[in-house]
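**Student:** Below are the structure tokens for one structure; questions will follow.
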Amino acid sequence: MDPQELLSLCRRRGFLWPAYDIYGGLAGFYDYGPLGSLLKNNIESHWRKLYVFEEGLHELVCPIIAPEPVFKASGHLDAFADMYAECRQCGESHRADHLADGLHENPAALSEEELGRILEENAVKCPACKGDLSPPRRFNLMFKTSVGAGSAKAGYMRPETAQGMFVNFPQIYRHGREKLPVGAVQIGRAFRNEISPRQGVLRLREFSQMEAEVFFHPERKTWPRFDKVKHEVLPLVPNDGSPAALSLAEAVSSKVIANEALAYFIWLTHRFAIDVGLDPERIRFRQHEKDEMAHYAAECWDLEAETAYGWVELVGIADRGCYDVQAHLKHSGADLTAFERFDEPREVVSEEVKPKYDAMGGQFKGKTKALAERLSALAPDVVRGKSEIVVEVDDERFAVPSTCFEVVTRTEKAAGEKFVPHVIEPSYGVDRILYSVLEHAYRKKDDYLTLTLRGIMAPIKAGVFPLMPKDSMDRIALEVYDVLVAEGISAHYDESGSIGRRYARMDEVGTPCCITVDHQTVEDGTVTIRDRDSKEQARIGVDEVVRWVRSVVKGDSPGPDGGFETAEKRGN
Ligand code: GAP
Numbered sequence: 011m012d013p014q015e016l017l018s019l020c021r022r023r024g025f026l027w028p029a030y031d032i033y034g035g036l037a038g039f040y041d042y043g044p045l046g047s048l049l050k051n052n053i054e055s056h057w058r059k060l061y062v063f064e065e066g067l068h069e070l071v072c073p074i075i076a077p078e079p080v081f082k083a084s085g086h087l088d089a090f091a092d093m094y095a096e097c098r099q100c101g102e103s104h105r106a107d108h109l110a111d112g113l114h115e116n117p118a119a120l121s122e123e124e125l126g127r128i129l130e131e132n133a134v135k136c137p138a139c140k141g142d143l144s145p146p147r148r149f150n151l152m153f154k155t156s157v158g159a160g161s162a163k164a165g166y167m168r169p170e171t172a173q174g175m176f177v178n179f180p181q182i183y184r185h186g187r188e189k190l191p192v193g194a195v196q197i198g199r200a201f202r203n204e205i206s207p208r209q210g211v212l213r214l215r216e217f218s219q220m221e222a223e224v225f226f227h228p229e230r231k232t233w234p235r236f237d238k239v240k241h242e243v244l245p246l247v248p249n250d251g252s253p254a255a256l257s258l259a260e261a262v263s264s265k266v267i268a269n270e271a272l273a274y275f276i277w278l279t280h281r282f283a284i285d286v287g288l289d290p291e292r293i294r295f296r297q298h299e300k301d302e303m304a305h306y307a308a309e310c311w312d313l314e315a316e317t318a319y320g321w322v323e324l325v326g327i328a329d330r331g332c333y334d335v336q337a338h339l340k341h342s343g344a345d346l347t348a349f350e351r352f353d354e355p356r357e358v359v360s361e362e363v364k365p366k367y368d369a370m371g372g373q374f375k376g377k378t379k380a381l382a383e384r385l386s387a388l389a390p391d392v393v394r395g396k397s398e399i400v401v402e403v404d405d406e407r408f409a410v411p412s413t414c415f416e417v418v419t420r421t422e423k424a425a426g427e428k429f430v431p432h433v434i435e436p437s438y439g440v441d442r443i444l445y446s447v448l449e450h451a452y453r454k455k456d457d458y459l460t461l462t463l464r465g466i467m468a469p470i471k472a473g474v475f476p477l478m479p480k481d482s483m484d485r486i487a488l489e490v491y492d493v494l495v496a497e498g499i500s501a502h503y504d505e506s507g508s509i510g511r512r513y514a515r516m517d518e519v520g521t522p523c524c525i526t527v528d529h530q531t532v533e534d535g536t537v538t539i540r541d542r543d544s545k546e547q548a549r550i551g552v553d554e555v556v557r558w559v560r561s562v563v564k565g566d567s568p569g570p571d572g573g574f575e576t577a578e579k580r581g582n
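Remember, my numbering sits 10 above the position in the sequence shown when you count from 1.
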């Protein structure tokens, strides 16, 4: 299919369109219209149903802007960059690794110099005007801003919702009664100053994510309901060419998937994909190559969908190890550890930083106590082998020489141990999912357009029409409409144009059923209900409409228990 046809339907029928159009637009920014907003809400609500209500993860809403130290710690300040080459003739910037597509197996893994050499050797020119290109340069993708007036602080628009959850680990852990695994989720906007935004909403500069950060004991990465799904076979594409027709249990035991928790969230992502209406024949889980992974990931699988633009990554499911929590612990000095109680107290050997008060007193006088407290809070690895450590007290920085502290080893009976949790992260891109759902639902036959959206996704669940706006038909149709809306079912009332035209308008936006009130309704209280996909019609009583529409629009898949076992039912 031609994606422009779908994008034109999206614009015409109020799903989505380029933002700030009257000023010529701004690349990488899109508006969602009335139907697009409803569809987006349906996707997000269904995700919330699976992750929050059924899996029992805790939802957070964190600020979009974060101070610089957050992204220094997370590695985004140093590593969240792409390379671009600028055209010397037309001035357009292009992703340098995309320019080398087909010239190297994985151009994104190359250094600036290597990529520059490949582009030069192959005489790659500007795709827009064939002009000469500059050598590749690195470009950090975060939007920078400043917070406050005067000597303002640097802030950044979050490039992922994830960091807000990592820095809140202590709150999430406490909220989950200090048991692991425990997880947080967040649905919200993320910002990336993409070098060449393109392909409609597939590569945006402002987009929406639905992310879960699930915290585990490093040696117990499993999930309570893995057993119930372990025999399922999913479309896996491992990076080592091993057979893809494996059950999840086989994939874990043969180390194709690193652990049960990762396998469970791959399964949950598959279930979500089917529920929102992606074509099961056009999705797959592709394992990242070792040199393809983000700076934080130890293992990653992408849910990809086949679209007119090729295979597109919709979701990344990554094992982030302890990378993020460890990094925030180190940079903030806060205690971001979890604690596990032993069955019996055990002898535990630990290390700590011990200030030498005698040596400090002479040098630091009145600041000694405060400096000693800061030193004791540091992790031994932070000071080990250093000739001095810079410590800040009351906005003043002090260089404390290594003669003033030591790392000591203690052996004691301990009731348990502290550890830095590991994280499994399913990270969903809402806009790409929404586009793929529309594309997989798009049908065109002899210029007649239908979106075969699943009932739970359809922005409008029922069209309600009087055959003619007279003889009480309009009054009854409006009553039917009011009842549907009062039941929380989104409906659309339409009395203009031929009935065929009105059906066509509803088919085009994916409305699963239409109800027509005609002369017979006035006589015997029955209406015609029409199914979008089969075009079949049935005659039912007005009082049956709500039940009928509900049965048409229901239809998410059962959970691993064959029914929805909610977190509430499980008692957590
Ligand atoms: N916290 C992990 C993370 O952000 P990611 O693979 O960079 O991982 C997750 O992003 C998802 O967000 C992607 O799978 C994709 O669906 C979506 N996404 C990423 N960049 C995007 C962009 N520029 N425009 C639209 N969606 C994007």
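Even glycine gets a Cβ: it sits at the ideal position worked out from N, Cα and C.
Just to confirm the assignment, what range does the beta strand (DSSP E) spanning ALA259 have?
**Tutor:** It is not in any beta strand (DSSP E) - ALA259 instead sits in the alpha helix (DSSP H) that spans 258-263.
**Student:** Let me check understanding here. Comparing Cα to Cα, which of ARG215, VAL556, PRO245 lies closest to GLY35?
**Tutor:** Among ARG215, VAL556, PRO245, the Cα nearest to that of GLY35 is on ARG215.
**Student:** Please report the Cβ distance between VAL562 and GLY498, rounded to the nearest whole angstrom; I am assuming they are in contact, meaning their Cβ atoms lie under 8 Å.
**Tutor:** That belief does not hold up - the Cβ atoms of VAL562 and GLY498 are roughly 15 Å apart, past 8 Å.
**Student:** According to the neighbour-count rule (16 or more other Cβ atoms, all chains shown, within 10 Å of its Cβ), is LYS154 buried or exposed?
**Tutor:** Exposed is the call here.
**Student:** Is any heavy atom of the ligand GAP found at a distance shorter than 7 Å from the C-beta of LEU461?
**Tutor:** LEU461 Cβ: outside cutoff for every heavy atom of the ligand GAP.
**Student:** Tell me which same chain residues have a C-beta within less than 7 Å of the C-beta of LYS265, skipping the five on either side of it?
**Tutor:** Same-chain partners within the cutoff: there are none.
**Student:** For the ligand MN, any of its heavy atoms closer than 7 Å to the Cβ of SER257?
**Tutor:** This structure simply doesn't include the ligand MN; it includes the ligand GAP instead.
**Student:** Check whether the Cβ atoms of LYS50 and LEU463 lie closer than 8 Å to each other.
**Tutor:** No.
**Student:** Regarding GLY439 and the ligand GAP, is the C-beta to nearest heavy atom distance less than 7 Å?
**Tutor:** Yes, the beta carbon of GLY439 sits closer than 7 Å to at least one heavy atom of the ligand GAP.
**Student:** Does the Cβ-Cβ distance between VAL157 and ILE74 come in under 8 Å?
**Tutor:** No, the pair does not count as a contact, with Cβ atoms beyond the cut-off.
**Student:** Relative to the C-alpha of ALA271, which residue among LEU313, PRO228, PHE282, ASN249 is closest?
**Tutor:** Cα-wise, what sits closest to ALA271 is PRO228.
**Student:** Can ALA29 be considered in contact with the ligand GAP, in the sense that its beta carbon sits closer than 7 Å to one or more heavy atoms?
**Tutor:** No; taking the cut-off as 7 Å, the Cβ of ALA29 has no heavy atom of the ligand GAP nearer than that.
**Student:** Among ASN178, ILE128, ALA138, ASP312, which one has its Cα closest to the Cα of GLN99?
**Tutor:** That would be ALA138, whose Cα lies nearest to the Cα of GLN99.
**Student:** Ignoring anything shorter than 3 residues, give me the beta strand (DSSP E) runs that lie fully in the segment 417-461, in order along the chain.
**Tutor:** As far as the segment 417-461 is concerned, its whole beta strand (DSSP E) runs of at least 3 residues are 432-439, 452-455, 458-461.
**Student:** If we call anything under 8 Å between Cβ atoms a contact, is LEU494 one with ALA468?
**Tutor:** Cβ atoms of LEU494 and ALA468: not closer than 8 Å.
**Student:** For the segment 259-321, which segments carrying the beta strand (DSSP E) assignment without a break, of at least 3 residues, lie completely within its bounds, in sequence order?
**Tutor:** Within the segment 259-321, the complete beta strand (DSSP E) runs of at least 3 residues are 293-297, 309-317.
**Student:** Is it true that the CB of ARG549 sits closer than 8 Å to the CB of THR521?
**Tutor:** Contact: no.
**Student:** Taking 7 Å as the cut-off, does the CB of LEU3 come closer than this to any heavy atom belonging to the ligand GAP?
**Tutor:** Since the first residue of the chain shown is 11 and the last is 582, residue 3 is not available in this structure.
**Student:** Whole angstroms are fine: how far does the CA of VAL392 sit from the CA of VAL418?
**Tutor:** If you take the alpha carbons of VAL418 and VAL392, they lie about 14 Å apart.
**Student:** May I ask you to verify whether the segment 448-464 touches the segment 498-509, counting CB pairs closer than 8 Å and requiring at least 3?
**Tutor:** Cβ pair count under 8 Å is below three, so no.
**Student:** Among LEU339, SER360, LYS377, SER412, which residue has its Cα nearest to the Cα of PRO431?
**Tutor:** Taking only the C-alpha atoms, the option nearest PRO431 is LEU339.
**Student:** List the residues that DSSP assigns as beta-bridge partners of PRO245.
**Tutor:** According to DSSP, which records beta bridges pairwise, PRO245 is partnered with nothing at all.
**Student:** If we count the other Cβ atoms within 10 Å of its Cβ and call it buried at 16 or more, is VAL400 buried or exposed?
**Tutor:** With fewer than 16 other Cβ atoms within 10 Å, it is exposed.
**Student:** Using a Cβ-Cβ cutoff of less than 7 Å, which residues in the same chain neighbour ASN582 once the five nearest sequence positions on both sides are dropped?
**Tutor:** Unreliable positioning characterises ASN582 in this predicted model, as indicated by a pLDDT of 43, which lies under 50. The coordinate reading is nonetheless provided below. So the list reads GLY66, once near-sequence residues are dropped.
**Student:** Using beta-carbon positions only, say whether ARG213 and GLU223 come within less than 8 Å of one another.
**Tutor:** No, these two residues do not count as a Cβ contact at 8 Å.
**Student:** What ranges does the alpha helix (DSSP H) occupy inside the segment 509-544, keeping only unbroken runs of at least 4 residues that lie completely in it?
**Tutor:** As far as the segment 509-544 is concerned, its whole alpha helix (DSSP H) runs of at least 4 residues are 509-518, 529-534.
**Student:** So, for GLY426: in the same chain, excluding its five sequence neighbours on each side, which residues have a beta-carbon less than 6 Å away from its beta-carbon?
**Tutor:** Taken in chain order, the residues that qualify are PHE349, GLU350, ARG351, PHE352.
**Student:** Can PHE179 be considered in contact with the ligand GAP, in the sense that its beta carbon sits closer than 7 Å to one or more heavy atoms?
**Tutor:** No, since every heavy atom of the ligand GAP falls outside the 7 Å radius drawn around the Cβ of PHE179.
**Student:** Rounded to the nearest angstrom, what separates ILE197 and GLN336 at their Cα positions?
**Tutor:** Roughly 24 Å separates the two Cα atoms.
**Student:** Is it true that the CB of ASP237 sits closer than 8 Å to the CB of PHE149?
**Tutor:** Their beta carbons are not under 8 Å apart, which means PHE149 does not touch ASP237 by this criterion.
**Student:** Residues in the same chain with beta-carbon distance under 6 Å from LEU459, minus the five sequence neighbours each way, listed in chain order, please.
**Tutor:** Answer for LEU459: GLU518, listed in chain order.
**Student:** Using three-state DSSP, classify GLU221 as helix, strand or coil.
**Tutor:** Here GLU221 sits in strand by DSSP.
**Student:** What distance in whole Å lies between the Cβ atoms of VAL403 and ALA380, which are believed to be in contact at a cut-off of 8 Å?
**Tutor:** Indeed they touch by this definition, with Cβ atoms about 5 Å apart.
**Student:** ALA261 and LEU246: beta carbons closer than 8 Å?
**Tutor:** Their beta carbons are under 8 Å apart, which means ALA261 touches LEU246 by this criterion.
**Student:** Could you tell me the distance, in whole angstroms, from the CA atom of GLY85 to the CA atom of HIS305?
**Tutor:** So the two alpha carbons sit approximately 8 Å from each other.
**Student:** Who are the Cβ neighbours of GLU314 in its own chain at under 8 Å, not counting the five residues just before and after it?
**Tutor:** If we look at GLU314 and ignore the five residues flanking it on each side, its Cβ neighbours are ILE293, ARG294, PHE295, ARG296, TRP321, VAL322, GLU323, LEU324.
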